[in-house]
Amino acid sequence: MTPVGPKLVIATHNEGKLREIRALVAPFGIECVGAAELDLPEPEETGTSFVANAELKARAAADLSGLPALSDDSGLSVDALNGQPGIHSARWAEDESGRRDFGHAMEKVEAALRAAGEEAGRDAHFTCALSLAWPDGRIESFEGKVFGHLVWPPRGDNGFGYDPVFVPHGHELTFGEMAPEAKHAMSHRAQAFEQLVAWLRT
């Protein structure tokens, strides 16, 4: 990953995402610094796709820090809800005060699924877009997906976000029940990161 350099800004204020990205980057000996550590503001996510929002955040962090910046935009899309919450996954977690509560978000998804009826099914997938931006304006983006179904009630305390209600195809445990290394081996974020690494090695 020599095109990145020895120091990389992870353009997120989400501690769960920061933890997972640091774990993925660790084998390459790159120092990671979170956006919050640099007091970088969170830009408004005005894009209409995961890639658009990831690029927006990566560009902003690279411009303000003067360092290469890696940004993640990810979310849960539920087939029976026409792809919702999708790019609004974090907003579904906001309560009246603006604080993010993913327990509340999972309850909203479950309530919407029950309103849709059992015949609508519980298929869902996670999407992750990773964008790597440089201060000179260069940017590259990659997207990974993992498919599965939703369960209720939530199970497990690992991971973050909607992980406790998502079971990937071919498995019985939710992402919330899996050990971090098991999730990292198959997750949407890991798939996007593999594409990023392959590109950097070309």
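Take 0 as the starting number for the sequence shown in numbering that gives the first Met the number 0 and just add one per residue. Positions of the beta carbon are idealized from the N, C-alpha and C atoms, including for glycine.
Note to self: For a minimum of 3 consecutive residues, which ranges assigned as the beta strand (DSSP E) are wholly contained in the segment 50-117?
What the structure shows: Correct list: 68-77.
Next item on the list: State yes or no: is the C-beta of K6 nearer than 7 Å to some heavy atom of the ligand FMN?
Entry: With respect to the ligand FMN, the structure shown offers nothing to examine, as it has no ligands at all.
Notebook entry, point to check: So I29 is in the alpha helix (DSSP H); what residue range does that whole segment cover?
Noted result: Residue mapping note: residue 29 aligns to position 30 of the sequence shown, counting from 1. Counting along the chain, I29 falls outside any alpha helix (DSSP H), and DSSP gives it neither H nor E.
Checklist line | DSSP state of E180 mapped onto helix, strand, coil | finding: The sequence position of residue 180 within the sequence shown is 181, counting from 1. For E180, the three-state secondary structure derived from DSSP is helix.
Check: If we ignore side chains and look at the alpha-carbon of each, how far apart do A114 and K107 end up?
Finding: As a first step, residue 114 must be located in the sequence shown, where it is residue number 115. As a first step, residue 107 must be located in the sequence shown, where it is residue number 108. Distance between the alpha carbons of A114 and K107: 11 Å.
Check: Straight-line CA distance for F125 to P153?
Finding: On the sequence shown, residue 125 is found 126 positions in, with the first residue counted as 1. On the sequence shown, residue 153 is found 154 positions in, with the first residue counted as 1. The straight-line gap from Cα to Cα measures roughly 16 Å.
Item checked: For E139, three-class secondary structure by DSSP -> Working through the sequence shown from its first residue, we reach residue 139 at position 140. Strand, per DSSP.
Check: Considering F165, what are the terminal residues of the beta strand (DSSP E) in which it resides?
Finding: Residue 165 sits at position 166 when you count from the first residue of the sequence shown. Where F165 is concerned, the enclosing beta strand (DSSP E) starts and stops at F165 to P167.
Notebook entry, point to check: When DSSP labels each residue in this structure, what does F125 get in the three-state scheme?
Noted result: The sequence position of residue 125 within the sequence shown is 126, counting from 1. The answer is strand: DSSP assigns F125 an E or B state.
Notebook entry, point to check: Apart from the five residues just before and just after F146, which ones in its own chain have a Cβ nearer than 6 Å to its Cβ?
Noted result: Taking the first residue of the sequence shown as position 1, residue 146 is located at position 147. If we look at F146 and ignore the five residues flanking it on each side, its Cβ neighbours are H124 and H168.
Next item on the list: With DSSP as the reference, please indicate the residues paired to I9 in a beta bridge.
Entry: In the sequence shown, counting from the first residue as 1, residue 9 sits at position 10. The partner list for I9 (beta bridge, DSSP) reads G33 and L69.
Margin query: So, at 6 Å on beta carbons, what are the nonlocal neighbours of E41 in its own chain, with the 5 sequence-adjacent residues on each side left out?
Written below: Numbered from its first residue, the sequence shown carries residue 41 at position 42. Sequence-distant partners of E41 (beyond 5 residues in either direction) whose C-beta falls short of 6 Å from its own C-beta, in its chain, are H12.
Check: Does the pairing of the segment 35-49 with the segment 19-27 give three or more beta-carbon distances under 8 Å?
Finding: The segment 35-49 vs the segment 19-27: no contact.
Next item on the list: Note down the Cα distance separating E139 from I86, rounded to an integer number of angstroms.
Entry: Here residue 139 refers to the residue found at position 140 when the sequence shown is read from its first residue. Here residue 86 refers to the residue found at position 87 when the sequence shown is read from its first residue. Looking at the two C-alpha atoms, the distance is approximately 19 Å.
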